[in-house]
Amino acid sequence: MSNENSADLLTEIGVLKTHLLEAEEAIDAIKNGSVDAFAIKKDGKAEVYTLQSLDYAYRVLIEKFGEGALNLTREGLIVYSNSYFSELINIPHAKVTGSHILDFVSPDSREEFREHFDFALQGSSKAEITLLVNNRSIPVYISLTSLQPQLSTVGMIITDLSEKKQNEQVLRDKNLELERLNKSLEQFASIASHDLQEPLRKIKTFTSLLIQRFNDDLPDKAKELANKIWSSSERMSLLIKDVLNFSRIVGSANMFITTDLNQILNNILGDFDMLVLERGASIRVEYLPSIEAIPVQINQLFYNLVGNALKFYKEGRPPVITISSRTLLPGEAAEHAGLNGRLSYAEISFKDNGIGFEQRFAEQIFSIFERLNNQQQYSGTGIGLALCRKIAEQHQGRIHAEAGESFGATFYVLLPLKQSV
Amino acid sequence: MKNNFTILIVDDDEDDKKLFIESVKEVDENITCITAADGQEALSFLKDENNLLPDFIFMDLRMPRINGKQCLEEIRKDKRLSPIRVFIYTTSIDTREAIELKQNGAVHFISKPDNPTEIYYILSVVLNEKWDQLESI
């Protein structure tokens, strides 16, 4: 045996001793349960050896977990992945373990990921990042936790945000659509208030000129026709004004302020003074509450309801109108479809003794342009009650109607006392 | 009421201008009416110092080139022109627009009536400087 040979042997023994020592350390670590896999470098590539001796229940739990779960070395090598994660990125399970986590992180998110990972080495960290696998971006929420002191690795839980992001996108798109619609509604309002009104105004102007200036020269039949043109165009301008009002209510974002409903009702009753006198009507008003509302809209709502009660009266039976109010507590409100069950409501009722309607039309009357009575007898555009419904809805409220037994009707308006809890 | 008023009517609608002038003449034949077809024509007339300034301006809103709102702004910016009383005279029934224009210095916002006798009424109120009596929208 040459000296060289014995020196070689000694070196080899030294290497073997080191390997033995490493192996013993590894066995100790396995016995302690402080590792569950080894990443061993072989020909420059990392190979991962997982161990069977893990707590079975724990592993099943993680496997069945509805979120991705990874165990990463301090260098970011994946030593464990549950099947959810490999399904999420659509890469075979065997290929996931042994890969570096950054291989699955989108380049845009890598720096952010590194920061959070470094932070997690000392404790824990959470972030929203994007994974990029086979050109597919997956938005995820990650939660990183150092598993020290038992393990030198980092645990990572991955929540798939794709659906949430999609929903957010849908919501954003819908909002944009809504904004666009509101814009076109405003445009429509402007067209209605001017462009449609203009030719109509001329029809009326020239018809009235015709009647005024040539009254004596016109045969009666011609005068009658001119009057018909006038009243039709009058009706058309009323329609335009009402449609305009309607579209403004729908498209407006208004301020809710504490509003005394008694004051609003008193103002309206003042407007109807003449008509009340003319029809011999009597109006009984109970005390109404103050609520959070858009005053100009409530004004319109009450105006339409009182106006209807005075308009649809039966010949020979002077209108008797009763306006009363009661409070619905959140529990009671919850029983009504469409009401916010956490709010208290004021139920204001408008009861009349007029011509009423058949109960089967109780819903239909709130549709736009819906009329139950003929134009000659009761004028109107068929927008009033549709507008009332819009206003109630704008206040998180409802409106419905009940036909009286043989005559009369009661309209119930439910409005929240406050707009939020 | 003084009877040598001058009124400038700014409107691109020939019918409306004609009807308006007819009504003015019915109120008082001595009133002078000047017309302009849009804001630009009105401004070049007003800014020409050779021209006598009108006592009142009745201005439509929707007009080509320079509209009524822009024209009103120009008038209010010009020290020489700003004392002239400007009435918006339009088909529009847009309340928000009316409020905005009054804030911008219009004396009144008058919706063009559909009955010529109403023009007569409006004019007699305005020329007697009692425009507070006009219905406000």
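So the protein lines, in turn, are chains A and B.
Numbering-wise (the working numbering), the first sequence opens with residue 12 and increments by one.
Numbering-wise (the working numbering), the second sequence opens with residue -9 and increments by one.
Where a beta carbon is used, it is the ideal one built from N, C-alpha and C, also for glycine.
C-alpha gap between residue i and residue j, whole angstroms
| i | j | result |
| --- | --- | --- |
| F267/A | E31/B | 45 Å |
| S13/B | I359/A | 50 Å |
| L27/A | A34/A | 10 Å |
| Q133/A | S94/A | 27 Å |
| V0/B | E188/A | 39 Å |
| F48/B | E369/A | 52 Å |
| S336/A | I366/A | 23 Å |
| S64/A | P150/A | For S64/A, the predicted model reports a pLDDT of 47, less than 50, meaning its position is unreliable; a value from the coordinates is still stated below. C-alpha separation (whole angstroms): 34 Å. |
| H406/A | M53/B | 39 Å |
| F115/A | L426/A | 54 Å |
| G77/A | A37/A | 32 Å |
| K194/A | R86/B | 16 Å |
| F(-5)/B | Y110/B | 16 Å |
| F313/A | M247/A | 24 Å |
| M285/A | I279/A | 12 Å |
| Q159/A | I89/A | 17 Å |
| E108/B | V287/A | 28 Å |
| I394/A | S378/A | 8 Å |
| F225/A | F217/A | 11 Å |
| N145/A | T108/A | 17 Å |
Cβ-based neighbour list, residue i, same chain, cut-off 7 Å, excluding 5 preceding and 5 following
| i | result |
| --- | --- |
| F99/B | I78, A88, L91, K92 and I127 |
| S163/A | R85 |
| L207/A | I251 |
| V296/A | L276 and I334 |
| S117/A | T141, L142, L143 and S148 |
| A345/A | G352 |
| S301/A | T269, T270, D271 and L272 |
Terminal residues of the beta strand (DSSP E) in which residue i lies
| i | result |
| --- | --- |
| P150/A | R147 to S157 |
| N82/A | G79 to L83 |
| I100/B | H98 to S101 |
| E413/A | R409 to A414 |
| A203/A | Counting along the chain, A203/A falls outside any beta strand (DSSP E), and DSSP gives it neither H nor E. |
| E358/A | Y356 to D363 |
| L339/A | V331 to L339 |
| D271/A | I268 to D271 |
is_contact[residue i, chain A] using C-beta, thresh 8 Å
| i | result |
| --- | --- |
| G58/B | no |
| K102/B | yes |
| I127/B | With a pLDDT of only 45 at I127/B, under 50, the local geometry of the prediction cannot be trusted, and the value read off the model is given with reservation. Taking Cβ atoms only, chain A never reaches closer than 8 Å to I127/B, which makes this a no. |
| S82/B | yes |
| R66/B | no |
| D50/B | no |
| D157/B | What the structure shows of chain B is the stretch from -9 to 127, and residue 157/B is not part of that stretch, so it cannot be assessed. |
| P106/B | yes |
| L9/B | yes |
Chain B contact for residue i (CB, 8 Å cutoff)
| i | result |
| --- | --- |
| K213/A | yes |
| T338/A | no |
| L220/A | yes |
| Q405/A | no |
| E450/A | The requested residue 450/A is not part of the displayed model; chain A covers only 12 to 432. |
| H127/A | no |
| H205/A | yes |
| F124/A | no |
Range of the contiguous alpha helix (DSSP H) that encloses residue i
| i | result |
| --- | --- |
| K67/B | G58 to K67 |
| T107/B | P106 to L117 |
| R295/A | R295/A -> not in any alpha helix (DSSP H); beta strand (DSSP E) instead, spanning S293 to V296. |
Cut-off 6 Å between Cβ atoms - residues of its own chain near residue i, not counting five sequence neighbours on either side
| i | result |
| --- | --- |
| S154/A | K137 and I168 |
| Y152/A | E139, T170 and L172 |
| A131/A | L155, S157 and V165 |
| T421/A | S360, K362 and E413 |
| T81/B | K102 |
Residues near residue i in its chain [Cβ-Cβ closer than 8 Å; skip 5 each side]
| i | result |
| --- | --- |
| P329/A | R290, G291, A292 and S293 |
| E245/A | K215 |
| Q60/B | G29 |
Beta bridge counterpart(s) of residue i as assigned by DSSP
| i | result |
| --- | --- |
| H111/A | L88/A |
| L143/A | S148/A |
| G166/A | N82/A and T156/A |
| D28/B | D28/B is not bridged to any residue. |
| M49/B | V0/B and I78/B |
| F422/A | F361/A and A412/A |
| V116/A | L142/A |
Cutoff 8 Å: residue i Cβ touching any chain C Cβ
| i | result |
| --- | --- |
| T216/A | Of the protein chains in this structure, namely A and B, none is chain C. |
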